[in-house]
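Printed below as a string of structure tokens:
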């Protein structure tokens, strides 16, 4: 049971601040929701071609994460007839790729306090890949972590808006009245701007 003066974990002083780890938690939560949003778009295109859920699950969900992105791009390009919508899907997946890279960079790293006096940043350190001993290290502040969380949520909302537009355009409401009441089903959103990589010197 927690109390107002509860401090957990005990080693928080060597890792960062509550604000850092709150932002990391939001990143993880929103990314899981984004993944589902991308899946629903993929599944929509396959369902309107009468492909059963069992096949969709086998074809898409059984793939590793990086191959799912390739599969989604292929499905969007081959199943969508409208040129602008195809371009919007490509842009969505480009932004999703950024979200995925950023989330993985943060969630799969070891975290250390960058400056234990100010705690303005934390240090993220991870191996370059699963078979390498070389490590990549970056320093990141709360504002950048929150920016990543916001971009992930922006991408999720974009996926929902495109999905609702398709549902209305193709006259396939499929009991999505709650979504349709919130998001416009008459027009497509504009394209998303892709932020600089977290490893880039151009990032905020």
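In my numbering, the protein residues as written are 4 to 207.
For every residue, glycine included, the Cβ atom is placed at its ideal position computed from N, Cα and C.
- Here residue 96 is near residue 75, since their CB atoms are less than 8 angstroms apart.
- Contact between the segment 190-203 and the segment 84-93 is established, with three or more Cβ pairs separated by less than 8 angstroms.
- Closest by C-alpha distance to residue 154, out of 141, 46, 100, is 100.
- When the five nearest sequence neighbours on each side are left out, the beta carbons in the same chain lying within less than 7 angstroms of the beta carbon of residue 47 are those of 166, 169, in order along the chain.
- Residue pairing by DSSP puts residue 142 in a beta bridge opposite 126.
- In the structure shown, the three-state DSSP call for residue 114 is strand.
- With fewer than three CB-CB distances shorter than 8 angstroms, the segment 132-149 does not count as touching the segment 52-61.
- Under the three-state reduction of DSSP output, residue 200 falls in the coil class, being neither helix nor strand.
- Looking from the CA of residue 110, the closest CA among 27, 201, 200, 22 belongs to 27.
- For residue 60, there is no enclosing alpha helix (DSSP H), as DSSP marks it with neither H nor E.
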